[in-house]
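Student:
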Amino acid sequence: MSDVIAAVRTVILVPLFFVYTLLAALYLIVAGNIRRDAGHLDSVIRGWSRLFLGIPPIAYTVEGREHLDPSRQYVMVSNHLSNFDIPLLFLAAAPLRIRYLAKKELYKIPIIAQAMAVVGTVKIDRQAGMSAHEAINAGVADAEARGFSLLVFAEGTRSRT
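Residues 14 to 174 (this note's numbering) make up the sequence shown, in order.
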């Protein structure tokens, strides 16, 4: 019976995630081109994150947030374990303004690519060797100049474990 419930939840939740992500991306594109206010864009990203984590629902606990200084910038390194990592880390790191390194393949999805570009996501070609290293350095410099902390998934992709 639990397999049936899980299947029904998946059939319902996956389209909801897709539609909500699409709507949030469209809003980010429009709002980001009209009003280049990173604080406003961050609030939209956090709203998307809350709903993304709230639909299943995902329970989580954040420890140590009191040690984050919003006036400083950080490079945060994490393993990429699931599709929930990005929204979870956006919420866990609040009130920091964070952006992340994204594989170039994500930029093949037109609306998502535009939204990521508007908010300042750093595109990385993992196959490019030295130019990937240069892109990371450029991304760090851009994040620093714009006042963002940077989120890096050390393994570069979701873990299979």
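Ideal Cβ placement from N, Cα and C applies to all residues, glycine included.
1. Applying the 10 Å Cβ sphere with the 16-neighbour rule, what's the burial state of Thr-134?
2. Alpha carbon to alpha carbon, what distance is there between Ala-130 and Ile-111?
3. Spatial neighbours of Ala-37 within its chain, please: C-beta separation below 6 Å, excluding the five flanking residues on both sides.
4. Once the 5 residues before and after Pro-83 are set aside, which same chain residues still bring their CB inside 7 Å of it?
5. Any contact of the region 89–106 with the region 156–164, i.e. 3+ C-beta pairs under 8 Å?
6. Mind checking whether Leu-29 and Ile-68 have CB atoms under 8 Å apart?
7. Can you tell me the Cα-Cα spacing of Asp-5 and Glu-118, whole angstroms?
8. Per DSSP, which residues does Met-89 bridge with? Please list them.
9. Count the other CB atoms within 10 Å of the CB of Tyr-73; is the residue buried (16 or more) or exposed (fewer)?
Tutor: Concretely, from the data shown:
1. Numbered from 1 along the sequence shown, position 121 holds the residue referred to as residue 134. The C-beta of Thr-134 has 16 or more other C-beta atoms within 10 Å across all chains shown, which makes the residue buried.
2. The residue labelled residue 111 in the question sits at position 98 within the sequence shown. The residue labelled residue 130 in the question sits at position 117 within the sequence shown. Between Ile-111 and Ala-130, the C-alpha separation is close to 14 Å.
3. Translated into positions along the sequence shown, residue 37 becomes position 24. If we look at Ala-37 and ignore the five residues flanking it on each side, its Cβ neighbours are Trp-61.
4. The residue given as residue 83 occupies position 70 in the sequence shown. Closer than 7 Å at the Cβ level, and outside the excluded window around Pro-83, lie Pro-108, Leu-109.
5. In this structure the region 89–106 touches the region 156–164; the number of beta carbon pairs closer than 8 Å is three or more.
6. In the sequence shown, counting from the first residue as 1, residue 29 sits at position 16. In the sequence shown, counting from the first residue as 1, residue 68 sits at position 55. Yes.
7. Residue 5 lies beyond the range of the chain shown here (14 to 174); nothing can be said about it.
8. The residue you call residue 89 lines up with position 76 of the sequence shown. Answer is Leu-164, bridged to Met-89.
9. Position 60 of the sequence shown, counting from 1, holds the residue named residue 73. Exposed.
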